[in-house]
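Chemist:
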Amino acid sequence: MEQTYLNMFLQGGFIIYILLILSIISVAIIVERLVVIYKRNAAFDDFFSKLKSAFKSGDKNSTAKVLNTKELSFGKSIAKLKPDSNSTSNKELIEEAISKEQEFQKKRMHVLIFIVQLAPLLGILGTVLGLAESFLSIGNLGGSEKFQLLSQGIGKALSTTIAGLVIAAYTMSGHYFIKYRSGKSVSVLSKHIEDYVQLISDKNER
Numbered sequence: 071m072e073q074t075y076l077n078m079f080l081q082g083g084f085i086i087y088i089l090l091i092l093s094i095i096s097v098a099i100i101v102e103r104l105v106v107i108y109k110r111n112a113a114f115d116d117f118f119s120k121l122k123s124a125f126k127s128g129d130k131n132s133t134a135k136v137l138n139t140k141e142l143s144f145g146k147s148i149a150k151l152k153p154d155s156n157s158t159s160n161k162e163l164i165e166e167a168i169s170k171e172q173e174f175q176k177k178r179m180h181v182l183i184f185i186v187q188l189a190p191l192l193g194i195l196g197t198v199l200g201l202a203e204s205f206l207s208i209g210n211l212g213g214s215e216k217f218q219l220l221s222q223g224i225g226k227a228l229s230t231t232i233a234g235l236v237i238a239a240y241t242m243s244g245h246y247f248i249k250y251r252s253g254k255s256v257s258v259l260s261k262h263i264e265d266y267v268q269l270i271s272d273k274n275e276r
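Heads up: the sequence shown begins at 71 in my numbering, then just goes up one per residue.
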């Protein structure tokens, strides 16, 4: 039965190969984004650990070196923070830093949405083309033979719709999971920034 299903999908025509390419792209983006988010969380911990150590030591050169790291795009925004947790400019800078990080983490997410929308349409197109081919091929056949060939043709044709829906379903699930993990990551960043502002505020008050 498993081999029959495999053959049915392989006979779905050129549409099934397009869907296969889309599925590979989808999986690649989902895995890549999740790995990036995981690494960013580790980078946040490392960045703010070094930044706090440099700031506490009073070494401005070390602090500037940490803030100018190229791995994280929000270093310049952090460098402009003032020792006042209620400052309006601080709030704007924090929003800017978070916005930059959100933009970075959302790279290629639009491709996933495109695949979610395109895959089912390609699946339906493959089904319509398959049905048209089946009806054209049974024109001169007898009753029972015509029915058998038509049922086989419909099964093959529907394989593209099934594939399209499956790809759309797991791509959408992956998209929402990435959004969830990204939201958690940005929350971690926000907490790190707030802690750093509190640190420089406390030192300024002494």
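Glycine included, every Cβ here is placed at the ideal spot set by N, Cα and C.
Pick from ALA149, VAL105 and GLU102: whose alpha carbon is nearest that of ILE270?
Modeler: Comparing Cα positions, the closest option is ALA149.
Chemist: With the cut-off set at 7 Å, would you say ILE99 and LEU206 are in Cβ contact?
Modeler: Contact flag unset, no.
Chemist: Under three-state DSSP, which class holds LYS141?
Modeler: As written in the sequence, residue 141 is Glu, which differs from the Lys given in the question. It is coil, neither helix nor strand.
Chemist: In the structure shown, what three-state DSSP assignment does SER157 receive?
Modeler: Here SER157 sits in coil by DSSP.
Chemist: Going by CA-CA distance only, name the one from ASP272, GLN268 and LEU259 that's closest to GLU165.
Modeler: Of the candidates ASP272, GLN268 and LEU259, the one whose C-alpha sits nearest the C-alpha of GLU165 is LEU259.
Chemist: By Cβ distance, which residues of its chain are closer than 6 Å to GLU102, with the 5 residues on each side in sequence left out?
Modeler: Nothing listed; no residue qualifies.
Chemist: Please return the same chain residues whose Cβ sits closer than 8 Å to the Cβ of ILE107, not counting the five positions on each side in sequence.
Modeler: The residues are GLN175, ILE248, ARG251, SER252 and SER255.
Chemist: Assign ALA233 to buried or exposed, taking buried as 16 or more other Cβ atoms, counted over all protein chains shown, within 10 Å of its Cβ.
Modeler: Result: buried.
Chemist: Could you give the residue range of the alpha helix (DSSP H) that holds LEU104?
Modeler: Per DSSP, LEU104 belongs to the alpha helix (DSSP H) from 84 to 127.
Chemist: So for ARG178, helix, strand or coil by DSSP?
Modeler: Three-state DSSP puts ARG178 in coil, outside helix and strand.
Chemist: Please classify LEU151 as buried or exposed, where buried requires at least 16 other C-beta atoms within 10 Å of its C-beta.
Modeler: Buried, because 16 or more other Cβ atoms sit within 10 Å of the Cβ of LEU151.
Chemist: Taking the Cβ atom as the reference point for each residue, do SER132 and ILE237 lie within a distance shorter than 7 Å?
Modeler: Against a cut-off of 7 Å, the Cβ pair of ILE237 and SER132 comes out as no contact.
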